[in-house]
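Below you'll find the structure, written out as structure tokens, and then a few comments.
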Amino acid sequence: MSDDFAVVPGRLYVVATPIGHLGDLSPRAAAVLRGVDLICAEDKRTSQRLLAHIGSKVPMRALHDHNEREQAEALIDQMLAGQALALISDAGTPLVSDPGFRLVRAARERGVEVVPVPGPSAVLAALAAAGLPTDRFVFEGFLPAKSGARRAALNALAAEPRTLVFFEAPHRIVAAVADFADLFGPDRPAWLARELTKRFEQFVGATLGDVLAWSQTAGDQLRGEMVLVVGGCPDAQRPVEVDVQQLLQQLLPLMPTKQAARVAAELTGQPRNALYQQALTLKSSE
């Protein structure tokens, strides 16, 4: 093994693993997963195939949302005693919509060195191949499962100018994309990436309307991991921000206070009572 890949005792290695194609595991990641004392895996059964592929016989311990808080301190004690540990998720980069945050934070707090071993990421893979702006983007993970909460989350993002990246479960993709198309408009640029790096990898787009039409008729193809990449809100559709105080100052000389508050509420969408109180304050300061 190259000295560049040598595992140092007492460190926590955060290792990215393939999102599909086992050939995407880097030589450094393979060396770390063969050289540490213990591997913390989201699901040991899922990770066993990867470890067998690289000939790693390192023992594993399950670390997931339900036990991470309880396991973290004991794992850090092991590292402080000199053991090297690796953290992996089922696929891709740990902590990205996966467990591990509590362990990494606690390790930092207790002085354990945390070493990232970068590699595959479904977010970046989908973004790189979608052909949408990548200079600035927002990763939102999984949207709420229930329609009302999902639509509220999307309403809050409708005017976001940056490219948006989401994960979604196959059984919710039709309903989710329908909400996207309704709230963002069917012409908003979008691509759905399915089964990235796997045998049946597929990209569907190039608008939300296209993705919705495909998902409504895809049948058995609605399976596997899915990443939705959506273009940011165009400048022409972005709401114009209004300086409320300046607006009231312009309206008050022209009409009664209540009427000025009502007009300002209609133009800004802000509560009329709050605007009325603000108008009264402005008039009293004249």
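Letter by letter, the sequence shown follows residues 9 to 294 in our numbering.
Even glycine gets a Cβ: it sits at the ideal position worked out from N, Cα and C.
None of these values were measured; they are calculated from a predicted model.
Cβ-based burial, A24 [other Cβ within 10 Å; buried from 16]: The residue you call residue 24 lines up with position 16 of the sequence shown. With 16 or more other Cβ atoms inside 10 Å of its own Cβ, A24 counts as buried.
Which one of D143, T289 and A138 has the shortest CA to CA distance from L216? In the sequence shown, residue 216 corresponds to position 208, counting from 1. Closest option to L216, judged by alpha-carbon separation, among D143, T289 and A138: A138.
Expected contact under 8 Å - CB spacing of L172 and M87 to nearest Å: Taking the sequence shown and counting its residues from 1, the one referred to as residue 172 is at position 164. Taking the sequence shown and counting its residues from 1, the one referred to as residue 87 is at position 79. Actually they are not in contact, since the Cβ atoms of L172 and M87 sit about 37 Å apart, beyond 8 Å.
Does the beta-carbon of F188 have 16 or more other beta-carbons within 10 angstroms, so that it is buried, or is it exposed? Numbered from 1 along the sequence shown, position 180 holds the residue referred to as residue 188. Counting Cβ neighbours within 10 Å, F188 comes out buried, since at least 16 surround it.
The alpha helix (DSSP H) spanning L191 covers which residue range? In the sequence shown, the residue the question calls residue 191 occupies position 183. Per DSSP, the unbroken alpha helix (DSSP H) holding L191 starts and ends at I181 to F192.
Residues that DSSP places opposite Q210 in a beta bridge: Stepping through the sequence shown from its first residue, residue 210 is reached at position 202. For Q210, the beta-bridge partners assigned by DSSP are R202.
Nearest-angstrom Cα distance between L33 and G43? If you number the sequence shown from 1, residue 33 lands on position 25. If you number the sequence shown from 1, residue 43 lands on position 35. Computed Cα separation, rounded: 15 Å.
Count the CB pairs spanning the stretch 151-168 and the stretch 56-65 that are closer than 8 Å, and state whether there are at least three. Segments in contact, no.
Could you tell me the alpha carbon to alpha carbon distance between T265 and A167, rounded to whole angstroms? Here residue 265 refers to the residue found at position 257 when the sequence shown is read from its first residue. Here residue 167 refers to the residue found at position 159 when the sequence shown is read from its first residue. Within the model, the alpha-carbon separation for T265 versus A167 is close to 32 Å.
Short Cβ contact (9 Å threshold) for R93 with D45: Taking the first residue of the sequence shown as position 1, residue 93 is located at position 85. Taking the first residue of the sequence shown as position 1, residue 45 is located at position 37. The sequence shown places Leu at residue 93, rather than the Arg named in the question. In this structure, D45 lies closer than 9 Å to L93 by Cβ.
Which whole-angstrom value is the C-beta distance of R77 and C48, which I expect to be below 8 Å? What you label residue 77 is simply residue 69 of the sequence shown in a count that begins at 1. What you label residue 48 is simply residue 40 of the sequence shown in a count that begins at 1. Between R77 and C48, the beta carbon gap of about 13 Å keeps them out of contact (Cβ cut-off 8 Å).
Taking the Cβ atom as the reference point for each residue, do L236 and A201 lie within a distance shorter than 9 Å? Translated into the one-based positions of the sequence shown, residue 236 becomes position 228. Translated into the one-based positions of the sequence shown, residue 201 becomes position 193. With respect to the 9 Å criterion, L236 and A201 are classified as neighbours on the basis of their beta carbons.
Starting from the C-beta of P169, find all residues in its chain whose C-beta is less than 6 Å away, skip the five residues before and the five after it, and write them out in chain order. The count along the sequence shown starts at 1 and reaches residue 169 at position 161. If we look at P169 and ignore the five residues flanking it on each side, its Cβ neighbours are G240 and C241.
Apart from the five residues on each side of it in sequence, which residues of its chain come closer than 7 Å, Cβ to Cβ, to V219? Mapped onto the sequence shown, residue 219 falls at position 211. Taken in chain order, the residues that qualify are V185, A198, L200, V212 and G213.
Quick check on the DSSP output: the alpha helix (DSSP H) that includes A136 runs from which residue to which? Along the sequence shown, read from residue 1 onward, the residue named residue 136 stands at position 128. Looking at the DSSP string, the run of the alpha helix (DSSP H) that includes A136 is A130 to A138.
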